[in-house]
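Numbering (the working numbering), first residue to last: 207 to 263.
Worksheet: one structure, shown below.
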């Protein structure tokens, strides 16, 4: 029984580390800028993260 609890806590720790790393790295993506050659696509790129929500709502 104790071994099962230890495995579960290890899995939760790994999962929390993955989630933390994802949150840190994904937030840095929001501050990226498009190169000037693609500046005209900026409104489309700003809207793109919302598109999947339109299909699943």
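Glycine is no exception: its CB is placed at the ideal position from the N, C-alpha and C atoms.
In this structure, residue 240 lies near residue 248, with their beta-carbon atoms less than 8 Å apart. Residues of the same chain with a CB within less than 6 Å of the CB of residue 256, apart from the 5 flanking positions on each side, do not exist. DSSP places residue 253 inside the alpha helix (DSSP H), whose first and last residues are 248–253. Assignment of residue 260 by DSSP, reduced to helix, strand and coil, places it in the helix class.
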